[in-house]
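Visitor:
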Amino acid sequence: MSESTPPSVKFVPGVCPKCGGQLEVDPTQEAAVCKYCGTPFIVDKAIQNYNISNAHIDHVDKVTVDMKGSVDSVVGFFEREIDKSRESRREDKKIEAENQKEFLRSSWKIFLVMFGVVIVMWVLGNLLGFFK
28 MSESTPPSVK
38 FVPGVCPKCG
48 GQLEVDPTQE
58 AAVCKYCGTP
68 FIVDKAIQNY
78 NISNAHIDHV
88 DKVTVDMKGS
98 VDSVVGFFER
108 EIDKSRESRR
118 EDKKIEAENQ
128 KEFLRSSWKI
138 FLVMFGVVIV
148 MWVLGNLLGF
158 FK
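Throughout, our numbering is defined as the position within the sequence shown, counted from one, plus 27.
#1: Suppose the cutoff is 6 angstroms on Cβ atoms and the five residues either side in sequence are ignored; what does the same chain contact list for residue 45 look like?
#2: Taking the alpha-carbon of residue 61 as reference, which of 71, 42, 55 and 54 has the nearest alpha-carbon?
#3: For residue 161, does the count of other Cβ atoms within 10 angstroms reach 16, so buried, or fall short, so exposed?
#4: Among 75, 58 and 113, whose alpha-carbon lies nearest the alpha-carbon of residue 68?
#5: Taking the C-alpha atoms as reference points, what is the distance between residue 49 and residue 100?
#6: Tell me whether residue 136 sits in a helix, a strand or coil according to DSSP, three-state version.
#7: Label residue 147 either buried or exposed according to how many other C-beta atoms from any shown protein chain fall within 10 Å of its C-beta, with 16 as the threshold for buried.
#8: The beta strand (DSSP E) spanning residue 41 covers which residue range?
#9: What do you get for residue 145, buried or exposed, if any count of 16 or more other CB atoms within 10 angstroms of its CB means buried?
#10: Measure the alpha-carbon distance for residue 37 versus residue 115 and round it to whole angstroms.
#11: What would DSSP say about residue 114, mapped onto helix, strand or coil?
#12: Looking at the structure shown, is residue 123 part of a helix, part of a strand, or coil, going by DSSP?
#13: Tell me which residue opens and which closes the beta strand (DSSP E) that residue 67 is part of.
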């Protein structure tokens, strides 16, 4: 217990919502920081996570699990990720097409300059009588 903690405060067990580290939290506080990963968290959630992770069931007569919401959530997540991936590929293809166009433009410019140099040299060579 630190010097700033009143002696009457009793810490309760909790679980960090990010790293799962076992914590001792002050239930009178609203928030705290995990000593393992440094993540700030709400104390009530850490206590609830601890209670859920340490809960045990003695007897169950009937269990009903609604999978539709979970399945819809997972399918929706994958659809969004696929859409992001497709959009990223489209953008990459656009950039690649622009790069190819620029390369062709540059190649043509170089070709035309070189062709012009050859023509000028040929004309000068003929005028000066180098090719007789």
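Think of the CB as a built atom: it goes at the ideal place given N, C-alpha and C, for glycine as much as any other residue.
Since this is a predicted model, take the numbers as computed values, not measurements.
Guide: Looking at the atomic coordinates:
#1: Cβ neighbours of residue 45 within its own chain (closer than 6 angstroms, five residues either side excluded): 64 and 66.
#2: The shortest C-alpha separation from residue 61 is found at 42.
#3: Lying outside 28 to 159, the shown extent of the chain, residue 161 is not represented and no answer is given.
#4: Taking only the C-alpha atoms, the option nearest residue 68 is 58.
#5: Rounded to the nearest angstrom, the two C-alpha atoms are 29 angstroms apart.
#6: Secondary structure of residue 136 (DSSP, three-state): helix.
#7: When all chains shown are included, residue 147 counts as exposed.
#8: Note, residue 41: beta strand (DSSP E), 39 to 42.
#9: Taking all protein chains in view, the Cβ of residue 145 is surrounded by fewer than 16 other Cβ atoms within 10 Å, so the residue is classified as exposed.
#10: C-alpha separation (whole angstroms): 52 angstroms.
#11: Helix, per DSSP.
#12: Correct three-state label for residue 123: helix.
#13: Counting along the chain, the beta strand (DSSP E) containing residue 67 begins and ends at 67 to 69.
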